[in-house]
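The structure appears right after this line, and notes come after that.
Residue numbers (my numbering): 2 to 268.
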């Protein structure tokens, strides 16, 4: 059991990843200090911890899932994600929507704390993320946390279909404003977040983006089109997550996205 008095291999692996990010090979080397453990056993335990939502794998590196750490409520905190320096760009690739979303939150939640008070801007061609069954609880919790923390966020959805408007009705609140309008300057493949000078872009492939557009444009409710969305996302191909620190680009994107929002000052 994680962090019980009797430390097992899974406890050890999580403790090591909390101290520093490891590849599975380097984790195996560290896990052998003072005991004997096979590389196969480490692989099996890491796979189990990933499936349980405790660890994440980004490229070859492992890190603790921020949502799991917050749920644990025992003072457990992972290392802060190393954000890029000004002008720097980092790219990660995924083939799983679930793991991508977990990694995105592991970046985003600590960043919100470290950049407290910064308004957050989002752009999604359509926000299907809020409805994918295996991530819905996580998404609901994330969207509702804006009103709990009194963090202002401005979300532009690049469509005006019934399902897009349904997302707005369900999730908009005093602190999370949602606008539905197409923006020709922004790619249909890109799902963008801006906080301070940091830009996080999740880029799906063109075929997936076109298929999702087609489903939304059918005019159905979220419930009607969700089976089709989930079928597409079971094999999403390669998805890229790009995180960069580019102040001029962030300022330009905020200007484009801020057009229809009301800004309340002095909270």
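Note that the Cβ used here is the ideal one computed from N, Cα and C, for glycine as well. Here the structure is a predicted model, which is why all the values come from computation and not from measurement.
Can you tell me which of 167, 161, 201 puts its alpha carbon nearest to the alpha carbon of residue 182?
Along the chain shown, read from residue 1 onward, the residue named residue 182 stands at position 181. Ranking the options by Cα distance to residue 182, first place goes to 161.
Look up residue 245 in the DSSP assignment and give the residues it is bridged to.
What you label residue 245 is simply residue 244 of the chain shown in a count that begins at 1. Partner(s): 90, 200.
Alpha carbon to alpha carbon, how far is residue 215 from residue 254?
To locate residue 215, count along the chain shown from 1; it is residue 214. To locate residue 254, count along the chain shown from 1; it is residue 253. Using only the alpha carbons, I get a separation of about 26 Å.
Once DSSP output is grouped into helix, strand and coil, what is the label at residue 127?
The count along the chain shown starts at 1 and reaches residue 127 at position 126. Three-state result, residue 127: coil.
Where does the unbroken alpha helix (DSSP H) through residue 223 begin, and where does it stop?
The count along the chain shown starts at 1 and reaches residue 223 at position 222. Residue 223 -> alpha helix (DSSP H) spans 223-234.
Drop a sphere of 10 angstroms on the beta-carbon of residue 122, count the other beta-carbons inside from all chains shown, and report buried for 16 or more, exposed for fewer.
Within the chain shown, residue 122 is the residue found at index 121, counting from 1. Flag for residue 122 reads buried.
Can you say whether residue 58 is buried or exposed, counting buried as having 16 or more other CB atoms within 10 angstroms of its CB?
Position 57 of the chain shown, counting from 1, holds the residue named residue 58. Buried is the call here.
So, with DSSP's three-state summary, where would you put residue 260?
Within the chain shown, the letter at position 259 stands for residue 260. Three-state DSSP puts residue 260 in coil, outside helix and strand.
Exposed or buried, residue 20, counting other C-beta atoms within 10 Å across all chains shown (16 or more means buried)?
In the chain shown, the residue the question calls residue 20 occupies position 19. Label assigned to residue 20: exposed.
Report the partner residues of residue 95 according to the DSSP bridge assignment.
Position 94 of the chain shown, counted from the first residue, corresponds to residue 95. 240.
Please report the distance separating the alpha-carbon of residue 143 from that of residue 242.
On the chain shown, residue 143 is found 142 positions in, with the first residue counted as 1. On the chain shown, residue 242 is found 241 positions in, with the first residue counted as 1. Residue 143 and residue 242: Cα-Cα distance of roughly 19 Å.
If you run the structure through DSSP and keep just helix, strand and coil, what is residue 209?
To locate residue 209, count along the chain shown from 1; it is residue 208. DSSP places residue 209 in helix when its eight states are reduced to three.
Hey, residue 264 and residue 180 are a contact pair by Cβ (cut 8 Å); roughly how many whole angstroms apart?
One-based indexing of the chain shown puts residue 264 at position 263. One-based indexing of the chain shown puts residue 180 at position 179. About 13 Å separates the two Cβ atoms, so there is no contact after all.
From residue 141 to residue 194, what does the alpha carbon distance come to, in whole angstroms?
If you number the chain shown from 1, residue 141 lands on position 140. If you number the chain shown from 1, residue 194 lands on position 193. Their backbone Cα atoms lie some 17 Å apart in a straight line.
I want to know whether the stretch 146-156 touches the stretch 201-209 - three or more CB-CB distances under 8 Å.
The answer is no - the stretch 201-209 does not touch the stretch 146-156, with fewer than three Cβ pairs under 8 Å.
Quick one: Cα of residue 76 to Cα of residue 189, how far?
By 1-based counting over the chain shown, the position of residue 76 is 75. By 1-based counting over the chain shown, the position of residue 189 is 188. Low per-residue confidence applies at residue 76: pLDDT is 47, beneath 50, and the placement is therefore not dependable, though the value from the model is reported in the following sentence. The alpha-carbon atoms of residue 76 and residue 189 are separated by roughly 40 Å.
Quick one: residues in its chain with C-beta nearer than 6 Å to the C-beta of residue 155, no 5 flanking neighbours on either side, listed in chain order?
Residue 155 sits at position 154 when you count from the first residue of the chain shown. Cβ neighbours of residue 155 beyond the five flanking positions: 122, 178, 262.
Ignore the nearest five residues each way along the sequence and tell me which others in residue 229's own chain have a CB closer than 7 Å to its CB.
For the purposes of this step, residue 229 is taken as residue 228 along the chain shown, with counting starting at 1. Once the five neighbours on either side are set aside, the close Cβ partners of residue 229 are 216.
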